[in-house]
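Student: Heads up: the sequence shown begins at 244 in my numbering, then just goes up one per residue. Ideal Cβ positions, reconstructed from N, Cα and C, are used throughout, including at glycine. Remember, it's a predicted structure, so these values are computed and weren't measured experimentally. Sending over a structure as structure tokens; questions will come in a sec.
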Amino acid sequence: MNKDKWKNIQGKLSDKLQFLKLGEEPELEDEIQIEEETLFSDAAAGAKLPEDDFEAKLARNRKWVFRRRIILAAVVLAVIGGFVLYNVLTTFRDYVIVDSYENEVSAGSEYVAAGNRIYRYSTDGISCVSRRNELQWSITYNMQAPIADVCGETMAVAEQQGNQVYVVNEDGLVGNFETLLPILKVRVSRQGVVAVVLQEEDVSWVNLYQADGTAIAEDKTTVTESGYPLDIDLSPDGQKLAVSYLGVKEGMISSDVVFYHFGSAGQAENDYVVSRETYTDTVIPEIYFTDNARAVAVADNGYMVFRGSDAPEQSEIVTFEEEILSTFHDEDAIGFLFESREEGYAYRMELYNYRGRRRFSKNLNSEFERIKIQNGQILMYSDRSIDIITSSGQMRFTSAYEKSIADIFYFSEFRKYLVITDEGFDRIRIG
244 MNKDKWKNIQ GKLSDKLQFL KLGEEPELED EIQIEEETLF SDAAAGAKLP EDDFEAKLAR
304 NRKWVFRRRI ILAAVVLAVI GGFVLYNVLT TFRDYVIVDS YENEVSAGSE YVAAGNRIYR
364 YSTDGISCVS RRNELQWSIT YNMQAPIADV CGETMAVAEQ QGNQVYVVNE DGLVGNFETL
424 LPILKVRVSR QGVVAVVLQE EDVSWVNLYQ ADGTAIAEDK TTVTESGYPL DIDLSPDGQK
484 LAVSYLGVKE GMISSDVVFY HFGSAGQAEN DYVVSRETYT DTVIPEIYFT DNARAVAVAD
544 NGYMVFRGSD APEQSEIVTF EEEILSTFHD EDAIGFLFES REEGYAYRME LYNYRGRRRF
604 SKNLNSEFER IKIQNGQILM YSDRSIDIIT SSGQMRFTSA YEKSIADIFY FSEFRKYLVI
664 TDEGFDRIRI G
């Protein structure tokens, strides 16, 4: 075959490979088939094509196509990797308000995320709104000091030191009732089962109700017998109740973590008690369930994890020598704030999983009034500032804010957050 013929073949092959430059690559087999058809057609037209030269040409073409694809894949991976690293490691300090929705309610309302909706409650009532502040439903009441608890999309609002209890979900009112004694604490399950701590002089009651007020169980306690109930929580399925009691034994402060089971596992037990742990010289002000088979007790010197569907038992314990200033948690992790040992920093934040392993330790000099963790991001904010840290300890965002902040939420949108102010709902994008 003469040189002009081979140049003609190479030209045709080059034209056909222009698809690779445009990003529309045919399959490798199609590339090879196109080249083979070209070579065979030239040979049929009278070109004398040596068999060895023909096979070598095909082999070189296969290698060339393969290398081209490897290079393109490497470039794409490099670009994606660079973007991911930039997005993960960069601390953003600027934001833009991409959407804003007017808020006409009075200042002092509290906000709680429940699925894709937001519950807003105050002394006047409770309402359900979308992220665009579109009203879904509203219920009015009159409470002096409302307190609330959320499990999934179910919420209970009670009047602290009062008697009213309202249970709602995304569809509206599930039930409401009044208690005979003043309410100290309220907790709710996904199904609408409500647990309350009631106070009667030197006697405390831990009672369970259906959403309509039908009594399920009650437990009467005194300081001398069981201790004072510092905190309670219900499992999401409403079958287990965890209570932290504070008492005095042999002249020393002690805490009891008691688990009640109101299903079949607790029917044969005295007062439905399926397990109990005692901790001397320890105060446990908070206890909560992360799911139906795991509960966490937060102490003044650390935390304990309990596991078990029927009778939860302690599986992990983490203790600290330093004073705990504040805690926050979600279903995957628990965080602590300590006074920093490093000069120039006010706090040290540590985040742990429920296996007792520390995820990170980070010194901070941020000023904030409230802190929470939502969808893997730690949200810290005050009236006019926002600081956001990822669950790996990277400072995600820090900035002053132009309006007075009532709350902030993260719904797993890429670089987007919902900031609630006295003026409206601001959907911001950081960058």
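#1: Just reading off the beta strand (DSSP E) that I426 is part of, what are its end residues?
#2: For D514, which option in Y471, V319, A460 has the closest C-alpha, if you only look at C-alpha atoms?
#3: Does DSSP put Y515 in a helix, in a strand, or in coil?
#4: In whole angstroms, give me the CA-to-CA distance for R600 and A576.
#5: In the DSSP assignment, the beta strand (DSSP E) including N412 goes from what residue to what residue?
#6: Could you give the distance in angstroms between the alpha-carbon of D573 and the alpha-carbon of A316?
#7: Consult DSSP for E574 and reduce its assignment to one of helix, strand or coil.
#8: Roughly how many angstroms separate the alpha carbons of A288 and R312, rounded to a whole number?
#9: Expressed to the nearest angstrom, what Euclidean distance is found between the alpha-carbon atoms of G506 and S349?
#10: Exposed or buried, what is F657 when buried is set at 16 or more other beta-carbons lying within 10 Å of its beta-carbon?
#11: Just grab the DSSP bridge partners of I369 for me.
#12: DSSP puts S498 in a beta bridge; with which residues?
#13: Which residues mark the beginning and the end of the beta strand (DSSP E) in which F668 is found?
#14: Does DSSP put F309 in a helix, in a strand, or in coil?
#15: On the premise that Y660 lies in contact with F652, defined as a C-beta separation below 8 Å, what is that separation, rounded to the nearest angstrom?
#16: Do you know offhand how far I277's Cα is from L320's?
#17: Can you tell me whether E553 is helix, strand or coil according to DSSP?
#18: Would you call N450 buried or exposed, if buried means 16 or more other Cβ atoms sit within 10 Å of its Cβ?
#19: Let me know the secondary structure DSSP gives D296 once reduced to three states.
#20: For G415 and I382, what's the separation of their Cα atoms in angstroms?
#21: Residues in the same chain with beta-carbon distance under 8 Å from D337, minus the five sequence neighbours each way, listed in chain order, please.
#22: Short check: CB of V431 to CB of T397, under 8 Å?
#23: Between the segment 358–372 and the segment 384–391, do three or more beta carbon pairs fall short of 8 Å?
#24: Quick one: grab the DSSP three-state call for R537.
#25: Alpha carbons only, please: which of I631, E582, R598 is nearest the one belonging to Q620?
#26: Give the range of the beta strand (DSSP E) segment to which V355 is assigned.
#27: Pick out whichever of G324, I671, V411 has its Cα sitting closest to the Cα of V355.
#28: Tell me whether M495 is buried or exposed, calling it buried when 16 or more other Cβ atoms sit within 10 Å of its Cβ.
#29: Determine the burial state of A540: buried for a count of at least 16 other Cβ atoms within 10 Å of its Cβ, exposed for fewer.
#30: I believe K697 touches Y452 by the beta-carbon criterion, under 8 Å. Please report the beta-carbon distance rounded to the nearest angstrom.
#31: Who are the Cβ neighbours of Y597 in its own chain at under 6 Å, not counting the five residues just before and after it?
#32: Does DSSP put I567 in a helix, in a strand, or in coil?
#33: Let me make sure I understand the geometry here. Which of S447, T523, E347, N385 has the alpha-carbon closest to that of E493?
#34: In this structure, does DSSP put E267 in helix, strand or coil?
#35: Using CA atoms only, rank isn't needed, just tell me which of V491, V486, K605, I530 is closest to V516.
#36: Which of the three DSSP states, helix, strand or coil, is assigned to N304?
Tutor: The short version:
#1: 426–431
#2: A460
#3: helix
#4: Rounded to the nearest angstrom, the two C-alpha atoms are 10 Å apart.
#5: 407–412
#6: Pairing D573 with A316, the inter-Cα distance amounts to about 39 Å.
#7: coil
#8: Because the pLDDT at A288 is just 47, under 50, the model does not fix this residue reliably, and the value given afterwards should be weighed accordingly. Approximately 32 Å between the Cα atoms of the pair.
#9: 43 Å
#10: exposed
#11: Y364, I382
#12: In the DSSP output, where bridge partners are listed per residue, S498 has L489, Y522.
#13: 667–673
#14: Secondary structure of F309 (DSSP, three-state): helix.
#15: Right, their Cβ atoms sit about 7 Å apart.
#16: Any reading at I277 must be qualified, since the residue scores a pLDDT of 48, below 50, and its modelled position is unreliable; the value itself is stated next. Looking at the two C-alpha atoms, the distance is approximately 29 Å.
#17: Position check: residue 553 holds Asp in this sequence, whereas Glu was assumed. Looking at D553 - three-state DSSP - the assignment turns out to be coil, as it is neither helix nor strand.
#18: By the neighbour-count criterion, in which a residue is buried when 16 or more other Cβ atoms sit within 10 angstroms of its Cβ, N450 is buried.
#19: helix
#20: Straight-line Cα distance between these residues: approximately 8 Å.
#21: S642, I673, G674
#22: yes
#23: yes
#24: strand
#25: Considering only alpha carbons, the answer is I631.
#26: 353–357
#27: V411
#28: Classification of M495: exposed, given that the 10 Å Cβ count is below 16.
#29: buried
#30: Because the chain in this structure spans residues 244 to 674, residue 697 falls outside the shown range and cannot be described.
#31: Shown here for Y597: same chain residues with a beta carbon closer than 6 Å to its own, the five before and five after excluded, namely V548 in chain order.
#32: coil
#33: T523
#34: Note on E267: pLDDT 44, under 50, position unreliable in the model; the coordinate value appears next. Here E267 sits in coil by DSSP.
#35: V486
#36: helix
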